[in-house]
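For reference, the structure is listed below as structure tokens.
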Amino acid sequence: KAGVTQTPRYLIKTRGQQVTLSCSPISGHRSVSWYQQTPGQGLQFLFEYFSETQRNKGNFPGRFSGRQFSNSRSEMNVSTLELGDSALYLCASSFVDRISTDTQYFGPGTRLTVL
Amino acid sequence: AQRVTQPEKLLSVFKGAPVELKCNYSYSGSPELFWYVQYSRQRLQLLLRHISRESIKGFTADLNKGETSFHLKKPFAQEEDSAMYYCALSGGETSGSRLTFGEGTQLTVNP
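Going down the list, the sequences are from chains A and B.
So for the first sequence, the numbering used here puts the first residue at 1; every next one is plus one.
So for the second sequence, the numbering used here puts the first residue at 1001; every next one is plus one.
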């Protein structure tokens, strides 16, 4: 099976702009989670989508939003970009068997730089 | 609140020496614990999880609920074990797929 893919791999934006990142999960996986990775804060959970519904949300401002489509592909959007949003954004997909937390398979990430 | 602590940011050992990467957690319920690894220029991947009780690439980890720890151990380190290691916690079914990560430990195995 193909792994989790993320596009684009690199992005450069300026403050105040908005950005949309895309994630295609492994075929058959219905859960997609997003994480932000920075040198100072490490890996932080943004949100999770399952069957087109947000199932879980981390402690990020409302500028960070996401959605999931019927084919399980997911997008996340960041509006009114700030310098501190510069980070590696990781997407992870999992099958979800309801018995335990499924293994999450991570994508390569999108490197966002805000100038 | 759930929290994962990896006290060592950097760990350096020689090839063939034992290695232990420490992980302590804070969680009020019954957590699921994981170790993820990221090799140079590769994506983050699962190394092992406590419920599987497996040994992967010679690594083992035992969940100690009394000490709230999930330390990763390997008796004889290899150069190819050099990587970034993250301990992670999930609250199980109630938390969905949400993972709380520690800050990571960069392991370097010297020849």
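For every residue, glycine included, the Cβ atom is placed at its ideal position computed from N, Cα and C.
| So is L1099/B in contact with chain A if we call contact Cβ pairs under 9 Å? | A Cβ of chain A is located within less than 9 Å of the beta carbon of L1099/B.
| task | Just grab the DSSP bridge partners of I12/A for me. | result | Assignment of beta-bridge partners to I12/A by DSSP yields T113/A.
| Shorter than 9 Å from the beta carbon of E1103/B to some beta carbon of chain A? | For E1103/B, the answer is yes, since a Cβ of chain A falls inside 9 Å of its Cβ.
| task | Kindly indicate which residue of L1033/B, V1013/B, Y1027/B, I1051/B has the alpha-carbon position closest to the one of D1081/B. | result | Residue V1013/B is the option with its Cα nearest to D1081/B.
| Got a sec, what are the start and stop residues for the beta strand (DSSP E) E75/A sits in? | Start and end: 74 to 78.
| message | Contact between the region 1006 to 1025 of chain B and the region 49 to 59 of chain A is defined here as three or more beta-carbon pairs at a separation below 8 Å; is this criterion met? | response | Cβ pair count under 8 Å is below three, so no.
| task | Name, please, each residue of chain B whose Cβ falls closer than 9 Å to the Cβ of E75/A. | result | Ordered by position in chain B, no residue passes the 9 Å Cβ test against E75/A, which lies about 18 Å from the chain.
| query | Given H29/A, which residues of its chain have a CB within under 7 Å of its CB, disregarding the five upstream and five downstream residues? | reply | Excluding positions up to five away in sequence, the list reads S72, S93, S94, F95.
| query | Under a three-way DSSP split, which group does E1020/B fall into? | reply | In this structure, DSSP gives E1020/B an extended state, which the three-state scheme calls strand.
| query | Does the beta carbon of L1044/B sit closer than 9 Å to a beta carbon anywhere in chain A? | reply | Taking Cβ atoms only, chain A reaches closer than 9 Å to L1044/B, which makes this a yes.
| query | Between V4/A and N77/A, is the Cβ-Cβ spacing less than 9 Å? | reply | Going by C-beta atoms, V4/A is not nearer than 9 Å to N77/A.
| field | Inter-stretch contact (C-beta, 8 Å, three-pair minimum) for the region 22 to 36 of chain A and the region 104 to 111 of chain A | value | With contact defined as three or more Cβ pairs closer than 8 Å, the region 22 to 36 of chain A and the region 104 to 111 of chain A are in contact.
| field | Sheet register partners of Y49/A (DSSP bridge) | value | DSSP, once it has assigned bridges, lists V32/A, Q54/A as partnering Y49/A.
| task | Specify the secondary structure class of E1032/B as computed by DSSP and reduced to three states. | result | For E1032/B, the secondary structure class from DSSP, reduced to helix, strand or coil, is strand.
| said: On the CB-based measure, 16 or more other CB atoms within 10 Å of its CB, does S38/A come out buried or exposed? | reply: The residue you asked about is not Ser; residue 38/A is Thr in the sequence shown. So T38/A ends up on the exposed side.
| Rounded straight-line distance, which links the Cα of T113/A to that of R9/A | Going from the Cα of R9/A to the Cα of T113/A covers about 11 Å.
| request: Step through the CB atoms of chain A and report whether any lies within less than 9 Å of the CB of R1049/B. | output: Yes - at least one Cβ of chain A is within 9 Å of the one on R1049/B.
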